[in-house]
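Structure first, commentary second.
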Amino acid sequence: MTEVTATDRLRHLLVRAYTAHYVTGGGIVKPRTASSIQIDRVVVDQLADFAVEFGVVEGYNAPASLLDALLTEAIERGEIVRTETGQLEHKLDYQLRDHSADRKC
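Per UniProt numbering, the sequence shown starts with residue 1, numbered consecutively.
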């Protein structure tokens, strides 16, 4: 596995850890459980630890710096957005929340 592939997959998992909903194969949007989200975040943290400790991804001395770089990249790509309150949220969750507020008017 190349470094680019490893960072891309790790970024994908990081984005997934910020996702509170998922879309089924039939296009139905369902909420994820809190435990499912928590498991994803633990997995991302552990994989970042592994990637830094074993040199899978070069140039990072600490897992936190790798995760910060991946989070910044996800924000730049529009996968994660910063809400009005400053919190980070997956693009799908932000769109669902934004549109549901419009429907209530």
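Glycine included, each C-beta is placed from N, C-alpha and C at the ideal position.
Leu92 and Glu53 have their alpha carbons spaced roughly 33 Å apart. When secondary structure is reduced to three states using DSSP, Tyr60 falls in the coil class, being assigned neither helix nor strand. Inter-segment contact for the segment 78 to 97 and the segment 34 to 52 is absent: fewer than three beta-carbon pairs are separated by less than 8 Å. Contact between Leu96 and Val15 fails: their C-beta atoms lie close to 16 Å from each other, not under 8 Å.
Rounded to the nearest angstrom, the Cβ distance from Leu10 to Ala51 is 6 Å, consistent with a contact under 8 Å.
In the structure shown, Arg11 adopts helical secondary structure according to DSSP, grouped into three states. Pairing Thr7 with Leu70 gives a Cβ-Cβ distance under 9 Å.
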